[in-house]
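Written below as structure tokens is the structure these notes are about.
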Amino acid sequence: MTMMHILLILCFCLSVVSSTISPCAKWNTTGVTIAGTGEAGNSSVQIDSAKGLFIHKERNELYVADFSNDRVQRFLLNDPSKIGMTVASGIKNPMKVYVDDDISGPIVYVSLRFLNRVEKWINGATQGVQVGGECQLCSGVSIDKEKNVYMSESNRHRVVQWSPRTNMTTVVAGKTDTNGSTSDLLNHPQGIYVNRDGSVIYVADMWNSRIQNWTQASREGTTVAGSSQGTEGHDPETLDYPNDVIVDDETNVVYVIDTSNHRVQRWKPFASEGDTIVGDRGAGNATNQLNKPVDLGFDMKGNLYVMDMENNRVQVYELIDNRPCSLESAASSSMFGLVE
């Protein structure tokens, strides 16, 4: 154990006190349906094979990329009617959605898988505007504070950044048209998480069953969840076709949608294995089960939202224990090394 690891663990423990969500938090493992009915449909209360969600914390709103209905729906989290309002329509197979703000209100960015692009929808718009260039089999989308747009191109095994100031596109993770499981490669990347200053990118490297961390200007990624060798599995050390990832910028805790294992996993810094926070009870539609979950998010209270794709619903899991970690528990959960 190096001095650097000791300092990082101490910082990790100390940061827990001020974090909204403790790295040792617990959620109710029984979910409540907040959007969708459990049956596929195109009414205002239904969704169909939805692939993405975004929680706008300040506005207390849920946005859903309603894949088979070719629309993005907005749900008010405090509205018991669970009626969705369409904010982007006539789009083909939306995958992931990210919501930013400007003076006119929320701006929706949505990746369109088979139209090979990302579109920007301003508040009240009747059609979207393409941002950046072609994005082949476009999946993940994210924005940093400079309004740079990040997109994962599943078919080209890379993540790119498009700058609105220069209109230039730059590869920031992976190698163009080259797949593999070495640290410099990706294989059909899906969801992405980018911190606000754009210095760190987390990639759900789906076909490698791992989460990769790419820092700015890096030529290689570091595995922060799953097997660095690209091996799928069901045990705590592995993942199976993870579809998305979200990261707590204060604690660097990584939350993963472990799609083919029907669960949500939490990986603490330097951990060699994850712990299950919801799911992992086999595929099913019971309130404590998931069936091919594909996205996740948190609200201001730390409640967890999961896009339960095959069940055509969004489940919310209440945060029930947010006590900080002790130094002992944080150290024991960390193996003082990178994921192997």
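Residues -19 to -1, 1 to 321, numbered by mature numbering (1 follows the signal peptide of the UniProt record, and there is no 0), are exactly what the sequence shown covers, in order.
Backbone N, C-alpha and C fix where the C-beta goes; we use that ideal spot for every residue, glycine too.
Predicted, not measured: the structure shown is a model, and the values here were computed from it.
Exposure of residue i, with buried meaning 16 or more beta-carbon neighbours within 10 Å
i, result
"A16", "buried"
"I301", "exposed"
"G105", "exposed"
"M281", "exposed"
"D47", "buried"
"I238", "buried"
"M66", "exposed"
Option nearest residue i by Cα separation, candidates the options
i, options, result
"V175", "P75, N303 and V153", "V153"
"I64", "G155, T107, K282 and T18", "T18"
"R294", "N303, G265 and G283", "G265"
"N233", "G214, M76 and Y183", "Y183"
"V78", "T257, C116 and I88", "I88"
"T147", "L166, E134 and G114", "G114"
"L57", "P75, M76 and F35", "F35"
"Q171", "G179, G155 and S208", "G155"
"V130", "L43, V297 and Y90", "Y90"
"G278", "V287, E127, K128 and L271", "V287"
Helix, strand or coil at residue i according to DSSP, with G and I counted as helix
i, result
"F56", "strand"
"E201", "coil"
"S85", "coil"
"S307", "coil"
"S241", "helix"
"R94", "coil"
"S253", "coil"
"R262", "coil"
"N292", "helix"
"V68", "strand"
First through last residue of the beta strand (DSSP E) which encompasses residue i
i, result
"W195", "R191 to T196"
"R98", "R98 to W102"
"P274", "P274 to F279"
"P223", "Unbroken run through P223: none, as it is neither H nor E."
"T151", "T150 to G155"
"L118", "L118 -> no beta strand (DSSP E), and no H or E assigned at all."
"A16", "V13 to A16"
"D289", "L285 to D289"
"D302", "L300 to D302"
"D186", "V181 to D186"
"R177", "From DSSP, R177 is part of no beta strand (DSSP E); its letter is neither H nor E."
"S133", "V130 to E134"
"S208", "No beta strand (DSSP E) contains S208, which DSSP labels as neither H nor E."
"R139", "R139 to W143"
"Q111", "V110 to V112"
Contact test: residue i Cβ vs the ligand ZN heavy atom, cutoff 7 Å
i, result
"E291", "Ligands displayed in this structure: none; no statement on the ligand ZN is therefore possible."
Whole beta strand (DSSP E) elements within the segment 19 to 53, 3-residue minimum: 33 to 37 and 42 to 47
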